[in-house]
Each structure stands twice: as C-alpha cells, then as structure tokens.
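Please read the structure below before turning to the comments.
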Amino acid sequence: MLLIIDNYDSFVHNLARHFERLRQRTLVVRNDAIDVAAVRRLAPAAIILSPGPCAPDQAGIGLQLVRALHREIPMLGVCLGHQTIAQALGGRIVRATEPMHGRDSLVRHDGECVFRGLPSPFRAGRYHSLVVDPASLPECLHVTAQADGGAIMGIAHRALPIVGVQFHPESILTEHGYELLANFLRLARLAPPAESPRGERRDIEPAAWTAPQHSHALTF
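Heads up: take any position in the sequence shown, counting from 1, add 47, and you land on our numbering.
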C-alpha cells in the first residue's frame, strides 16, 4: 500500500489515480490527520508527499514524517513534498525568481533514479513559487534535474530511496509522467506493470543506488 499525504491540494487525487493505474493500492490521508506512530502501524510500502499551497513549515506532519521515517520507508515528494524532503534533511526553501503556476518548462536530468530511461530534456508542468536553494542542499542529497535557468527540478538521497521532483508528473502538461512514477515504484522495490497505462511498454531494470559522481552545481 502507498500512503499519500494530502497537503490540501486537488492534485493529490490525480496522483492517487496515476498510482492506481500502475496497479498500486493507495491510502490518502490529510497532513494533519495522522502522526508518525500511526504511519508506522500502517507500514506502507512507500510514502508519497503531495503538492500543496503552502511552505513545508505549514504542511502538517510533513517535516516530522520525513525526519522520522526517511531511513525506514521509501519516499517520493512532489512540488511541496519535494521541498519538504529538502528542508527536512537540511536544505532551505526560497522564493523562485518568478512564479511558475500552470506553466511548462524543459527539464534536463542525469538519467538516474526516477529519470532512468527517460529522454532529456522533456516538458514538465510546474505550479510553484518556491524552490530549493541549491547552495543549501545537504551532502546527503544531490541534484538530479534542473530547468533552464538552474532551478532545481529533482533531488535524490545519495544512499536511500528518497526522491523529490519540483514539477508535477501527474499533470497533463508533463511528458513521461507515468514512466517517472513507475521508476519510483522500482526504486521502492515495488512492481509496476510491464505496460504503462498509455500502452507503451517499459522494460527498465530496477535501478541500483550508487554514489553519484557529480556535484550540486552540475548542469544537464
């Protein structure tokens, strides 16, 4: 079962449907309706931190959940969830140079983690006015994707199946969203279908977590 933490955002239901179409059971719970002990009792196979309209400090259990369980349970953060992972592990969240609500951008990536087997660049839908400050990124995290201009679009833990994407893989504006989510399931040692919901066969081998050879300042 995938536990999806709902940060009071309508996109959470799109995320749940995407994972259900990838043959996963989901449980959606509001960010102020559960605590860490209850999450441990549920024993989810993975945790999804949803988008939301606020900053990580206002996102209910989010920061506490990441700090308490990131060594125990695979996690994927989307938009606000991505920022929550970064801040919980030592990063800083700042204002973007311009708001990016309902706009698409080219995303360039390193082909690792959730981006394995995906073309670079691809178009992705963005709905945010906050970003992760690259200068604040802790040593345990590395940048996996950037937009033109350098805004961080993806992060991953160097040793654990903990990843974040600033854009929305569930948005109609995003290319290869199902493939990206299927890659996360593989990282979490879950089993997505061989056929994606759009009928495109994906035969990507499970990714191994290896120490990246690049620095935070890498451009793709």
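Glycine residues also receive a C-beta, built at the ideal position from the N, C-alpha and C atoms. If you're wondering where the values come from, they're calculated on a predicted model, not measured in any experiment.
A direct Cα-Cα distance of roughly 16 Å separates V141 from H148. Excluding five sequence positions before and after T131, the CB atoms of its chain that fall closer than 7 Å to its own CB belong to L96, P103, A106, G109, L110, V113 and G124, given in chain order. The closest CA to that of P166, considering only T73, H223, C160 and V179, is found on H223.
Runs of the alpha helix (DSSP H) lying entirely within the region 60-120 and spanning at least 4 residues, in chain order: 83-89 and 109-116.
Taking all protein chains in view, the Cβ of M200 is crowded by 16 or more other Cβ atoms within 10 Å, so the residue is classified as buried. As DSSP reads the structure, A194 sits in a beta bridge with V154. For a cut-off of 8 Å, the C-beta gap from L232 to Q71 is around 7 Å, short enough to register as a contact. Around the CB of A203, 16 or more other CB atoms lie within 10 Å, so the residue is classed as buried.
Listed in chain order, the non-local C-beta contacts of D79 below 8 Å within the same chain comprise G107 and I108, local neighbours out to five positions each way being set aside. In the three-state reduction of the DSSP assignment, E186 falls in the coil class.
DSSP links V212 through a beta bridge to V125 and G201. In this chain, Y225 is not harboured by any beta strand (DSSP E); it is covered by the alpha helix (DSSP H) spanning G224 to L234. Going by DSSP, S218 is part of no beta strand (DSSP E) at all; its letter is neither H nor E. Counting the other CB atoms within 10 Å of its CB gives A85 a total below 16, which places it among the exposed residues.
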